[in-house]
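This report concerns only the one structure given below.
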Amino acid sequence: MKLNTKLYLSIMVLASVVLCMASCAPQIHYMNVDVRQPAKITLPDMRRTAVFAVADSAKYDSARVGNVAIGLAEKIEADRGLGRGTVAVWNIPESEFLGFPGDGGEKLSQQSREYLRTLSAGSGASLLVFVRNLHFLPYSVQRLGSGNYSEGSNVTLPFGVDLEVYDALAGSLVHRGHVADSLYLLVDPSVTSREMGGTIAKYLPQMSKKIGTMLGAGLSPQWITQERIIFSYEGEEVWNEAYSMAIEFKWEEAIEKWTPLAGAKNPRKSACAAYNIAVGCEMLEGYELALKWLDYSLEAFPTREASVFRKYLENKNRPTEK
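Residue numbers (this note's numbering): 1 to 322.
What follows is the structure, encoded as structure tokens:
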């Protein structure tokens with residue numbers, strides 16, 4: 001009987017401890033947010049832009065290069081909220097293209113700078129984007145389905161293209177690089193292996209335009225949906241009010257609520273509030289301030305969430321390609 005009483009008391013004490021720990025632990029809320037990703041290639045500013053397709057009209061790939069340029073121009077227009085046709089597309093025959101020979105790096109020759117000014121005057125743009133040397137590599141086919149039943153084919157088409165961006169006002173190179181990637185196409189099951197090449201050729205115009213869209217995405221910041229964590233404490237009014245503001249994307253108001261909580265004597269609550277503030281700062285694009293609040297959070301009470309979020313922001317905040 002004594003043993004049972006001791007066991008009962010032990011269970012009650014353990015249950016009390018567990019309940020106490022649970023009541024002191026924060027609640028974790030997951031929410032989807034649209035996060036702004038910086039452009040892969042940093043452009044000088046939102047100047048008037050023109051896209052040039054460099055290819056000889058006599059060559060079979062000239063139309064494809066032109067479609068890449070069109071897709072790129074339309075993507076720039078969409079990302080900047082510009083009207084259709086605002087970013088003009090120009091064709092330059094490869095045989096007439098003077099190119100931009102320089103002394104290496106970003107330094108351009110006098111001839112190149114004069115050529116840029118000529119193209120700028122003709123296009124009315126000071127930021128000049130050039131697409132050239134488009135080529136496709138052998139495609140691969142993956143049949144979908146099993147046995148006699150076919151769901152179609154997945155076609156992978158690797159490609160390469162050169163992208164160059166110049167600032168005509170400064171007479172300087174902004175970016176020069178070769179882009180290598182792959183396009184993917186789902187082909188109807190009725191298409192045989194012998195017909196595959198011709199089928200892919202029919203899709204090349206729109207696939208080339210897709211390449212331009214991919215290139216254009218690297219020139220402007222993009223928005224993607226990601227998951228974020230927000231901490232709160234059940235039954236505590238200020239925490240709940242701040243969380244309600246966060247899910248309504250009222251980040252400045254939420255930060256005002258969390259800031260006093262970051263000074264709490266309870267180190268875990270202080271860390272959670274600081275973490276929440278860091279999320280709010282990221283949403284407001286205050287990345288450096290977000291990192292400082294995460295440092296504060298990790299110093300008060302180290303958590304895996306704060307550590308992972310800090311590494312993410314460090315990578316996001318690294319200088320972009322030029």
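Cβ coordinates follow ideal geometry from the N, Cα and C atoms, glycine included.
Values in this document were obtained by computation on a predicted structure and should not be read as measured data.
What is the residue span of the alpha helix (DSSP H) that residue i lies within?
i: Leu74; result: Correcting the residue identity first, residue 74 is Glu in this sequence and not Leu. Its alpha helix (DSSP H) spans residues 62-80.
i: Thr199; result: 193-217
i: Ile255; result: 251-261
How should residue i be labelled, buried or exposed, when 16 other C-beta atoms within 10 angstroms of its C-beta is the threshold for buried?
i: Ile28; result: exposed
i: Ile247; result: exposed
i: Glu236; result: exposed
i: Ser95; result: exposed
i: Met207; result: buried
i: Gly212; result: buried
i: Ile277; result: buried
i: Met1; result: Because the pLDDT of Met1 is 44, which lies under 50, any placement of that residue in the model is unreliable, and the number read from its coordinates should be weighed accordingly. Exposed, since its Cβ has fewer than 16 Cβ neighbours within 10 Å.
i: Met46; result: exposed
i: Lys202; result: exposed
i: Leu185; result: buried
i: Leu169; result: exposed
i: Leu173; result: buried
CA-CA distance, residue i and residue j?
i: Glu187; j: Leu108; result: First, the amino acid is wrong: residue 187 is Val here, not Glu. C-alpha separation (whole angstroms): 46 Å.
i: Ala22; j: Gln226; result: In this prediction, Ala22 scores a pLDDT of 43, lower than 50, which makes its location untrustworthy; the coordinate-derived value is nonetheless stated afterwards. When rounded, the distance between both Cα atoms is 28 Å.
i: Arg310; j: Leu294; result: 6 Å
i: Asp56; j: Leu134; result: 12 Å
i: Gly263; j: Leu43; result: 41 Å
i: Asn317; j: Gly81; result: 25 Å
i: Gln111; j: Asp162; result: 21 Å
i: Ala273; j: Asn266; result: 11 Å
i: Leu219; j: Leu127; result: 12 Å
i: Thr192; j: Ala180; result: 28 Å
i: Val51; j: Gly83; result: 15 Å
i: His175; j: Asp167; result: 10 Å
i: Tyr287; j: Cys281; result: 6 Å
i: Gln222; j: Ile41; result: 12 Å
i: Gly66; j: Gly216; result: 14 Å
i: Phe249; j: Ile92; result: 47 Å
i: Thr199; j: Leu183; result: 14 Å
i: Ser244; j: Asn315; result: 29 Å
i: Tyr296; j: Lys269; result: 12 Å
i: Phe100; j: His178; result: 16 Å
i: Leu19; j: Met214; result: Residue placement at Leu19 is flagged as unreliable, the pLDDT there being 42, under the threshold of 50; the coordinate-derived value follows with that caveat. Taking the straight line joining both Cα atoms gives about 53 Å.
i: Asp34; j: Leu289; result: 19 Å
i: Gly145; j: Ala125; result: 51 Å
i: Asn240; j: Thr303; result: 21 Å
i: Asp61; j: Gln37; result: 33 Å
i: Ser120; j: Gly197; result: 40 Å
i: Arg194; j: Ala39; result: 41 Å
Secondary structure at residue i, three-state DSSP: helix, strand or coil?
i: Glu114; result: helix
i: Tyr243; result: helix
i: Gly160; result: strand
i: Tyr287; result: helix
i: Leu119; result: helix
i: Asn317; result: coil
i: Tyr233; result: coil
i: Gly152; result: strand
i: Glu227; result: strand
i: Phe130; result: strand
i: Asn32; result: strand
i: Phe309; result: helix
i: Asp295; result: helix
i: Asp167; result: strand
Taking the Cβ atom as the reference point for each residue, do residue i and residue j lie within a distance shorter than 8 Å?
i: Val89; j: Ala73; result: yes
i: Tyr139; j: Thr118; result: no
i: Ser307; j: Leu298; result: yes
i: Ala254; j: Ala242; result: yes
i: Ala53; j: Val131; result: yes
i: Tyr141; j: Ser123; result: Checking the sequence shown, residue 141 turns out to be Val, not Tyr. No, the pair does not count as a contact, with Cβ atoms beyond the cut-off.
i: Leu98; j: Tyr115; result: yes
i: Pro26; j: Phe231; result: yes
i: Pro205; j: Ala63; result: yes
i: Tyr30; j: Ile229; result: yes
i: Gly71; j: Lys209; result: yes
i: Leu284; j: Trp251; result: yes
i: Val87; j: Ile76; result: yes
i: Glu151; j: Pro189; result: yes
i: Val238; j: Leu261; result: yes
i: Glu256; j: Tyr275; result: no
i: Val129; j: Thr49; result: yes
i: Arg113; j: Gly171; result: yes
How would you write the range of the beta strand (DSSP E) that residue i sits in, first residue to last?
i: Asn91; result: 88-92
i: Tyr184; result: 172-187
i: Phe52; result: 49-54
i: Ser140; result: 140-144
Would you verify that the beta carbon of residue i is, or is not, closer than 8 Å to some beta carbon of chain D?
i: Val129; result: No chain D is part of this structure, which consists of one protein chain only.
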